[in-house]
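Report on the structure given below.
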Amino acid sequence: MTDINTDLYTFKFFIQRIEEFGSVINEKNAFVQTTAFFNKTIVYEGIIRVRFNDYGIFPFPEDLSRADIPVSVKRKMAAEMKRYIKPQKKYL
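Residues 78 to 169, numbered by the numbering used here, are exactly what the sequence shown covers, in order.
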């Protein structure tokens, strides 16, 4: 089995819109326009929903599974998405 060098993959994120829920834990859904690049070539483009609240940031697994990229890259994309949203969370 060959190892995949996930360092060659880069990502671009943009929050398109936010849906708020009237819950006590400040739960919201972000619709994130996501582009994944492999050596500057687009390998995935789409919208991934991310639910966040007072306790954490959680990308929707079904949206991640639709991406036709290796599983290790999906994990990296989810981690990078959390890093992208975290500093903006209190302003959304």
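Note that beta-carbon positions come from the ideal geometry of N, C-alpha and C, so glycine has one too. Computed from a predicted structure; not experimentally measured.
Beta-carbon gap between residue i and residue j smaller than 8 Å
| i | j | result |
| --- | --- | --- |
| T112 | I102 | no |
| V150 | T87 | no |
| T135 | V127 | The question names Thr, but residue 135 in the sequence shown is Phe. Yes, the pair counts as a contact, with Cβ atoms nearer than the cut-off. |
| L141 | I125 | yes |
| V109 | F90 | yes |
Assigned secondary structure, residue i (DSSP; H/G/I helix, E/B strand, else coil)
| i | result |
| --- | --- |
| A107 | strand |
| P147 | coil |
| N121 | Note on residue identity: the sequence assigns Tyr, not Asn, to residue 121. Strand at Y121. |
| Y176 | Past the edges of the chain, shown from 78 to 169, lies residue 176, and the structure says nothing about it. |
Counted within 10 angstroms of its Cβ, other Cβ atoms place residue i as buried (16 or more) or exposed
| i | result |
| --- | --- |
| L169 | exposed |
| Y121 | buried |
| A155 | buried |
| L85 | exposed |
Nonlocal neighbours in the same chain, by C-beta distance under 8 Å from residue i, ignoring five residues either side
| i | result |
| --- | --- |
| I81 | P147, S149 and V150 |
| K105 | I95, E96, E97, F98, R128, F129, N130 and L169 |
Close-in-space but distant-in-sequence residues of the same chain around residue i (CB under 7 Å, 5 per side omitted)
| i | result |
| --- | --- |
| R152 | none |
Closer than 8 Å is the cut-off here; do at least three beta carbon pairs connect the region 153-163 with the region 94-102?
No, the region 153-163 is not in contact with the region 94-102.
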